[in-house]
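Visitor: The following block contains the structure, expressed as structure tokens.
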Amino acid sequence: MNIKFDEVDKLLTCQITEEIDHHTTEKIRRVLDDEIERYIPKRMVFDFDKVSFMDSAGIGMILGRYKMIRMLGGSMEMINVNSNVRKIFEMSGIPKIIQIK
Numbered sequence: 028m029n030i031k032f033d034e035v036d037k038l039l040t041c042q043i044t045e046e047i048d049h050h051t052t053e054k055i056r057r058v059l060d061d062e063i064e065r066y067i068p069k070r071m072v073f074d075f076d077k078v079s080f081m082d083s084a085g086i087g088m089i090l091g092r093y094k095m096i097r098m099l100g101g102s103m104e105m106i107n108v109n110s111n112v113r114k115i116f117e118m119s120g121i122p123k124i125i126q127i128k
């Protein structure tokens with residue numbers, strides 16, 4: 028699994044460097060949850076620069092992490108989202124609750 032984390036002053040940046048689909052979401056979810064519990068960030072940024080594909084399982088995984096971060100009093104945003112993944116987000120209504128930059 029290829030996930031890179033960087034934490035500075037309660038800002039946790041997560042760069043996923045693989046496809047996010049029903050085969051990978053459970054592994055990604057476990058790693059993300061561990062890092063969120065470890066750092067308890069006030070702000071979490073998902074960097075999608077290296078994500079070329081995502082399906083509905085990925086949407087669920089992202090929403091679950093959003094809820095977790097919100098319960099901890101933090102916020103979430105996504106950056107470097109390519110047009111294919113952005114379409115998936117837009118169809119699911121994600122930009123209405125999670126900022127995409």
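Just so we're aligned, residue 28 is where the sequence shown starts under the working numbering, counting upward by one. A virtual CB, placed ideally from N, CA and C, is assigned to each residue, including glycine.
Between the alpha carbons of Arg-97 and Thr-44, how many angstroms are there, rounded?
Guide: 24 angstroms
Visitor: So if DSSP puts Val-35 in a beta bridge, which residue, or which two residues, is it bridged to?
Guide: Leu-38
Visitor: Below 6 angstroms CB to CB, which residues in the same chain sit around Lys-37 once its five sequence neighbours on both sides are set aside?
Guide: Counting only Cβ-Cβ distances below 6 angstroms, and skipping sequence neighbours, we find Pro-68 and Lys-69.
Visitor: Rounded C-beta distance between Ile-124 and Asp-74? I'm assuming under 8 angstroms.
Guide: Contact flag wrong, Cβ pair sits at about 19 angstroms.
Visitor: Tell me where the alpha helix (DSSP H) around Ser-119 begins and ends.
Guide: 110 to 119
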